[in-house]
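A.B. asks: Handing you a structure now.
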Amino acid sequence: MAKLYFNYAAMNAGKSTMLLQASYNYQERGMRTLIFTAAFDNRAGFGRVASRIGLSSDARTFDESTDIFAQVSALHAEAPVACVFIDEANFLSEHHVWQLAGIADRLNIPVMAYGLRTDFQGKLFPASKELLAIADELREIRTICHCGRKATMVARFDNEGNVVKEGAQIDVGGNEKYVSFCRRHWVETVKGD
Numbered sequence: 000m001a002k003l004y005f006n007y008a009a010m011n012a013g014k015s016t017m018l019l020q021a022s023y024n025y026q027e028r029g030m031r032t033l034i035f036t037a038a039f040d041n042r043a044g045f046g047r048v049a050s051r052i053g054l055s056s057d058a059r060t061f062d063e064s065t066d067i068f069a070q071v072s073a074l075h076a077e078a079p080v081a082c083v084f085i086d087e088a089n090f091l092s093e094h095h096v097w098q099l100a101g102i103a104d105r106l107n108i109p110v111m112a113y114g115l116r117t118d119f120q121g122k123l124f125p126a127s128k129e130l131l132a133i134a135d136e137l138r139e140i141r142t143i144c145h146c147g148r149k150a151t152m153v154a155r156f157d158n159e160g161n162v163v164k165e166g167a168q169i170d171v172g173g174n175e176k177y178v179s180f181c182r183r184h185w186v187e188t189v190k191g192d
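So for the sequence shown, numbering that gives the first Met the number 0 puts the first residue at 0; every next one is plus one.
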């Protein structure tokens with residue numbers, strides 16, 4: 000039986016690097032993979048997943064109206080799909096998460112979702128909450144805070160370097176906007192405690 004995996008971490012833990020490496024491993028053995036990413040996340044270009052260390056790949060995109068299950072089902076009928084990879088899984092909708100579960104359960108194709116667990120305010124993303132609830136396997140990818148402890152939280156900064164404490168949950172960015180912290184340093188940075 001195929002499984003739905005949720006690989007989660009704070010920013011800069013190497014989630015996209017791991018996704019691209021895992022997809023490459025399948026492809027190297029002659030197996031077909033599908034990679035999906037959020038349509039509005041065009042940091043690497045539209046329909047591209049890229050890592051900070053220089054790896055990249057074309058990807059299919061999803062938005063609120065995308066039926067990922069239907070796309071994978073149709074593509075799998077054309078030629079077997081060995082694994083489905085989701086980058087920035089925190090940007091999925093809750094109904095997308097259930098589509099991913101359907102891909103694993105009904106099409107018997109493993110699904111590897113990679114994303115953030117929490118936002119800059121320490122709140123779960125809706126898709127991450129759903130993935131934490133229903134994924135078959137949860138895998139934490141670790142990165143470190145500047146103090147050397149495990150980073151589990153992320154803070155958002157504006158262009159002047161000030162901590163952002165309110166605003167939209169989704170604001171795409173990278174190192175110029177987000178910094179990962181351990182809980183203690185996140186509280187000190189964001190809450191001022």
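Idealized CB from N, CA, C, for every residue including glycine. Given the structure is predicted, the values throughout are model-derived calculations rather than measurements.
Which whole runs of the beta strand (DSSP E) in the segment 129–176 are 3 residues long or more, in chain order?
C.D. replies: 136–139 and 152–156
A.B. asks: From the DSSP output, which residues share a beta bridge with residue 180?
C.D. replies: Position 181 of the sequence shown holds residue 180. Residue 180 pairs with 152.
A.B. asks: Tell me the start and end of each unbroken beta strand (DSSP E) in the segment 47–131 that is at least 3 residues and wholly inside, in chain order.
C.D. replies: 47–49, 55–57, 59–61, 82–85 and 110–115
A.B. asks: Within the chosen definition, does the segment 51–60 reach the segment 150–159 through at least 3 CB pairs nearer than 8 angstroms?
C.D. replies: no
A.B. asks: Terminal residues of the continuous alpha helix (DSSP H) containing residue 21?
C.D. replies: As a working mapping, residue 21 is identified with position 22 in the sequence shown. Note, residue 21: alpha helix (DSSP H), 14–27.
A.B. asks: Please check if any C-beta of chain C sits within less than 8 angstroms of the C-beta of residue 103.
C.D. replies: The structure shown contains no chain C; it is built from a single protein chain.
A.B. asks: Can you give the Cα-Cα distance for residue 136 and residue 25, rounded to whole angstroms?
C.D. replies: The residue you call residue 136 lines up with position 137 of the sequence shown. The residue you call residue 25 lines up with position 26 of the sequence shown. Each residue's alpha carbon lies about 19 angstroms from the other.
A.B. asks: What does the alpha-carbon distance come out to for the pair residue 64 and residue 48?
C.D. replies: Here residue 64 refers to the residue found at position 65 of the sequence shown. Here residue 48 refers to the residue found at position 49 of the sequence shown. Distance between residue 64 and residue 48, taken at the CA atoms: about 20 angstroms.
A.B. asks: From 3, 75, 191 and 20, pick the residue whose C-alpha is nearest to that of residue 88; which is it?
C.D. replies: If you number the sequence shown from 1, residue 88 lands on position 89. Among 3, 75, 191 and 20, the Cα nearest to that of residue 88 is on 3.
A.B. asks: Between the alpha carbons of residue 156 and residue 141, how many angstroms are there, rounded?
C.D. replies: Within the sequence shown, numbered from 1, the residue matching residue 156 stands at position 157. Within the sequence shown, numbered from 1, the residue matching residue 141 stands at position 142. The straight-line gap from Cα to Cα measures roughly 22 angstroms.
A.B. asks: How would you label residue 107, buried or exposed, when you count the other beta carbons within 10 angstroms and need 16 or more for buried?
C.D. replies: Here residue 107 refers to the residue found at position 108 when the sequence shown is read from its first residue. Label assigned to residue 107: exposed.
A.B. asks: When DSSP builds the beta bridges, which residues end up paired with residue 37?
C.D. replies: The residue labelled residue 37 in the question sits at position 38 within the sequence shown. Paired residue(s): 61.
A.B. asks: Which residue comes first and which comes last in the beta strand (DSSP E) that contains residue 5?
C.D. replies: For the purposes of this step, residue 5 is identified with residue 6 of the sequence shown, where counting begins at 1. Its beta strand (DSSP E) spans residues 3–8.
A.B. asks: Per DSSP, which residues does residue 32 bridge with? Please list them.
C.D. replies: In the sequence shown, counting from the first residue as 1, residue 32 sits at position 33. When beta bridges are read from the DSSP output, residue 32 appears opposite 82.
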